[in-house]
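Take a look at the structure below.
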Amino acid sequence: MILDYILRRLGLFLFMILMLSIFTFSLSYLFPGDPLSNLSGIPSGNFSQHSELEDKYLYNSNYIMQYLAFLGRIFQGDWGVSFASGDNVFQHILDLIPATLELCVYALIVSVIVGVPAGILASAYTSRWPDKLISSTTMIGYSIPVFWLALLLIMVFSLKLGWFPMSGRMGLLFEIPPNTGFILIDIMLAGFPYKGEAFTDALHHLTLPTIVLAMFPTTVLVRFTRDSMLKVMDQSFIKTARAKGLNRRQLIMHHALRNALLPVIKQIGLQFSTLITLAMITEVIFSWPGIGRWLIDSIYQRDYPAIQGGLMAVSLFVIIATIVAELTYTLFDPISRNQAHGKV
Amino acid sequence: MHKILLVLLASTLTGCFESKEEIIEEKNQGLVYCAEANPVSFNPQVTTTGSTIDIIANQLFDRLISIDPLTADFKSELATDWKISNDGKSVTFTLRKGVNFHSTSYFTPTRDFNADDVIFTFSRLFDVYNPYHFVGDANYPYFQSVGIDQLIRKIVRVSDYQVRFELFHPESSFLTNMATDFAVVLSQEYAMQLKARDQANLFDQYPIGTGPYIYKEYRRDHLVRFYRNPLYWKHDVALEQLVYDITPNGTTRIAKMLTKECDVTAHPSSAQLSILTQRDDINVEKETNLNIGYWAFNTERAPFDDIKVRKALAHAIDIEKIMQAVYYGNGIRAQSILPPTSWGFEPQAKMPMFDPELAKKLLIEAGLPNGFDMTIWAMPVSRIYNPNARKMAELMQSDLRKIGVNVSIVEYEWNTFIQRIGEHRHDSVLLGWAADTPDPDNFFSPLLSCTATFSGKNPANWCNPQFDLLLTQALDTTDLSLRKQYYEQVQALIIDQLPLLPIAHGMRFQANSADVEGITLGPFGAISLANARKK
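Encoded structure:
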């Protein structure tokens, strides 16, 4: 049963990858200019260079052959070179994606730590002041646009109060070699004389972008946890437990929580894809050196190979995150395996 | 008891002194300079982009001689002495002894700087047998546009520390050009090592110089990191580290200045100066600078090949409005291509004035009564000569619409922009020039000469034999009054033919935190942070 489920998901995954790669490939024809240079990132220069490229990309064969050659190169890590910098696009993505992931992971952790307890609290005091306070705050957090919140926080905490810096991952004077790409881990790994200071500085830089990015998933988790808890609390086994004389704390901790958190776990996984999208805006505003900022710069600079590579990397990531979230959820909740068809 | 107290007091005092020194030391750990664009290269020979020259020229390298910004006299740098022969056709430099090249992770010098380095550096520009002449597409925009590559016949090694430049003909601006930010001395030993390893293409990307700072790393769109050169020949360098934070957005640069993420900010825009000047912890420096912001037409393209069309466009725009909205009163309206502080300056009576009716008339005469469509390329970065090209382009767009000319504004990332302008893909462009020397020729040859067209530096794509002849005549003489006469004719010719419309001369602004001192901003040339320190 579980194997069947996994196979179905895998089939869905492969289909999505196929569609994504066809779309990316067709972009090089859809973008203005020479498709060959859009694919390779090498401006069509002299004749010998051009014919060399034609051979490599099977440019004179039909579209199917060209597409297959394209797939082959994708798997070899040859994603072309960027128009703007002349560097390898795949290498660029490998260098930049840890910064984006880092931001998303921290934001997700914050939203779980804040969102789930707040949701539980709200459900425990339904229609009383803690619920009203939490729900209305959530409403504000849910409606406020990310870029607006970011600018607001910068205005108040960076420019007015001067508590937090407004750009980058850490003070540039600290020279931390990028080992893992996760700045806090890199600082701990680096044999650096000012480790403590660097760590504090990195936390300072992380604070505002993490808050901004965590705002949306936190509000979603609050609302989701609250609704899920209320639904569970309304079920007959809870009523029985209450009739047995258990107090509210015991009811929630021993009976309701485990059942209510199941759908929340799935939601946490699904939030990851939203996070990647929101991270792009956050990265641009906070000059965070991640893939989102790079992608948006590339669009501005009409750097077609970079746009294709960036789009593919981000979409691939969203697909993988969603599928992993579903699989994890299935591990916790056997009933969901009975769903015959996958959803992304 | 008293003795014990005395000892205690003394130890506390020494403690105080120590900690104060430590604090000073810690402060000078580093300086963050918010720069407006990525460096194009790490060798000033191969670029003229001001943003790049600001980052690299005075920090990593030294020149043979320099020009004193106050007296305009030549000063000795790597050359301790220089002699010009009587016929003016050879110049002998005596070189400084005991100057080290940088020791980095990728190169360790085995010898001091000597004549071989000078010969290698300058023969690269013109000698096809120099192993590096064709590396980097053999393009040396500054030297080619001022014709240095056509001027040097050969460079002779007189001794280890003496080198003689033999010229085809005497030229008054030779020494001046040798004192520019582009004429830096590179290491021959390093070049040969790279060549032996078949890595010559890295030469312009991983620099080795004799300057106050040593290259460490460059991450595109992020930062450039230099460290102190502990063996710098001229003086001790206070700062341990110098980091350039690449921040193309002007508003972000100002904000970073306010949050103290930058110690120094390049080119704050005039519109935001009032915010900075209100703060006690930020100093804003204002320096008159030899520069010109202009609007150049691609004269090889129709309809801009027609003088009447160029004149019509020039008469259609209201420069007074631009002066207020773009320069905020911190610029001088141009009366010629040369700024008034230049000795060659001659105000032009025929400068086109704002007159839309005349513009329409000229367009009808040119056979374009219904106007036409064109592009204005606007620089994406703020420069001294044009703090906000986008806004300027928008103002011009609305003015030109009134005479039936439809303008679309084109923008690219700065380095791509420069590259495409060099390929003459534009109709017209808002650009400018900041001088590297006080010599007026520095405005004409690099911008409008025929050789500049070939090296992709002439944004007007204009080649006029009469203009080039006048420039050559001016360079062939050392008689200052005669030169001035030639330059007067040159300026008149530009206004008459209007390959470009001079708009304004900007002021150079720099914002730095109040505890930073020792930054050198001159009326020409790039910024120097060699003496920068924190108080």
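Residue numbers (this note's numbering), protein chains in the order written: chain A, 25 to 368; chain B, 835 to 1369. C-beta: ideal position from N, C-alpha, C; glycine also. All values derive from a computational prediction rather than experimental measurement.
Partner residues on chain B for residue i, Cβ-Cβ distance less than 7 Å
i	result
Ala108 (chain A)	Glu1247, Thr1250
Pro313 (chain A)	His1056
Gly186 (chain A)	Thr1093
Asp225 (chain A)	Those within 7 Å of Asp225 (chain A) in chain B number zero; the least Cβ separation is about 11 Å.
Asp251 (chain A)	Chain B residues near Asp251 (chain A): none, gap ~40 Å exceeds 7 Å.
Residue i: contacting residues in chain A (beta-carbon distance under 7 Å)
i	result
Leu1057 (chain B)	Leu196
Arg1054 (chain B)	Ser109
Val1077 (chain B)	Leu196, Leu197
Contact check, residue i vs residue j, beta carbons under 8 Å
i	j	result
Val1350 (chain B)	Val1018 (chain B)	no
Met40 (chain A)	Ile343 (chain A)	yes
Gln1325 (chain B)	Leu1172 (chain B)	yes
Ile989 (chain B)	Phe1002 (chain B)	no
Ala303 (chain A)	Leu127 (chain A)	yes
Leu1065 (chain B)	Asn948 (chain B)	no
His1101 (chain B)	Ile1080 (chain B)	no
Leu1124 (chain B)	Pro1357 (chain B)	yes
Ala108 (chain A)	Glu870 (chain B)	no
Ala1193 (chain B)	His1149 (chain B)	yes
Val1160 (chain B)	Pro1221 (chain B)	yes
Thr298 (chain A)	Phe240 (chain A)	yes
Pro1280 (chain B)	Lys1291 (chain B)	yes
Thr1086 (chain B)	Gln325 (chain A)	no
Thr928 (chain B)	Tyr995 (chain B)	yes
Buried/exposed call for residue i, threshold 16 Cβ in 10 Å
i	result
Glu1154 (chain B)	exposed
Gln1022 (chain B)	buried
Ala1366 (chain B)	buried
Met89 (chain A)	exposed
Phe99 (chain A)	exposed
Ser1108 (chain B)	exposed
Gly1127 (chain B)	buried
Tyr353 (chain A)	buried
Ser61 (chain A)	buried
Pro358 (chain A)	exposed
Leu1363 (chain B)	buried
Ser252 (chain A)	buried
Glu1121 (chain B)	exposed
Gln1402 (chain B)	Nothing about residue 1402 (chain B) can be read from this structure; chain B reaches only from 835 to 1369.
Glu852 (chain B)	Bear in mind that the predicted position of Glu852 (chain B) carries a pLDDT of just 42, short of 50, making it unreliable; the figure below should be weighed with that in mind. Glu852 (chain B) is exposed by the Cβ-count criterion.
Leu847 (chain B)	Here the model assigns Leu847 (chain B) a pLDDT of 42, short of 50, so the residue's position is not dependable and the matter cannot be decided.
Met277 (chain A)	exposed
Ala1360 (chain B)	buried
Asp1207 (chain B)	exposed
Beta-carbon neighbours of residue i, restricted to chain A and to distances below 9 Å
i	result
Ala1089 (chain B)	Ile178, Ser182, Leu183, Met190, Ser191
Thr1086 (chain B)	Met190, Ser191, Ser311
Residues bridged to residue i (per DSSP)
i	result
Cys868 (chain B)	B:Asp1079, B:Thr1099
Pro1336 (chain B)	B:Tyr1128
Val925 (chain B)	B:Ile918, B:Phe999
Gln1344 (chain B)	B:Ala1100, B:Glu1119
Val105 (chain A)	A:Asn112
Arg1167 (chain B)	B:Ala1338
Ile344 (chain A)	Bridge partners of Ile344 (chain A): none, in fact.
Glu1351 (chain B)	B:Arg1367
Val1241 (chain B)	B:Met1208
Arg97 (chain A)	Looking at the DSSP assignment, Arg97 (chain A) forms no beta bridge with any residue, so it has no partner.
Phe908 (chain B)	B:Ile901
Partners in chain B for residue i, counting only beta-carbon separations shorter than 9 Å
i	result
Gln325 (chain A)	Tyr1246, Glu1247, Thr1250
Asp210 (chain A)	Chain B residues near Asp210 (chain A): none, gap ~14 Å exceeds 9 Å.
Asp258 (chain A)	Near Asp258 (chain A) there are no residues of chain B at all, since even the closest Cβ is about 50 Å away, more than 9 Å.
Within chain B, the residues that residue i reaches when beta carbons sit closer than 8 Å
i	result
Asp28 (chain A)	In chain order: nothing, as chain B lies at least about 47 Å away.
Which ranges does the beta strand (DSSP E) cover as unbroken runs of at least 3 residues, wholly within the segment 983 to 1039 of chain B, from first to last along the chain?
-> Assignment of beta strand (DSSP E) within the segment 983 to 1039 of chain B, counting only whole runs of 3 or more residues, yields 986 to 993, 996 to 1001 in chain order.
Could you name each continuous beta strand (DSSP E) segment of 3 residues or more that falls completely within the segment 1245 to 1331 of chain B, going from the start of the chain to the end?
-> The qualifying runs are 1262 to 1268.
Anything in the segment 860 to 886 of chain B with a Cβ closer than 9 Å to a Cβ of chain D? List those residues in chain order, please.
-> The chain inventory of the structure shown lacks chain D, comprising the protein chains A and B.
Runs of alpha helix (DSSP H) wholly within the segment 1041 to 1095 of chain B (minimum 4 residues, chain order) = The alpha helix (DSSP H) runs lying completely inside the segment 1041 to 1095 of chain B and spanning 4 residues or more are 1084 to 1092, given in chain order.
Where are the alpha helix (DSSP H) runs, 4 residues long or more, that stay fully inside the segment 871 to 895 of chain B, in chain order?
-> Taking only runs of at least 4 residues, the alpha helix (DSSP H) segments lying wholly in the segment 871 to 895 of chain B are 884 to 894.
Run through the segment 1173 to 1227 of chain B for me and flag every whole beta strand (DSSP E) of 3 or more residues, listed as ranges in chain order.
-> If we require 3 residues or more, the beta strand (DSSP E) runs fully inside the segment 1173 to 1227 of chain B come out as 1207 to 1212.
Could you name each continuous beta strand (DSSP E) segment of 3 residues or more that falls completely within the segment 154 to 213 of chain A, going from the start of the chain to the end?
-> Positions of the beta strand (DSSP E) runs, each at least 3 residues long and wholly inside the segment 154 to 213 of chain A, cannot be given because no such run exists.
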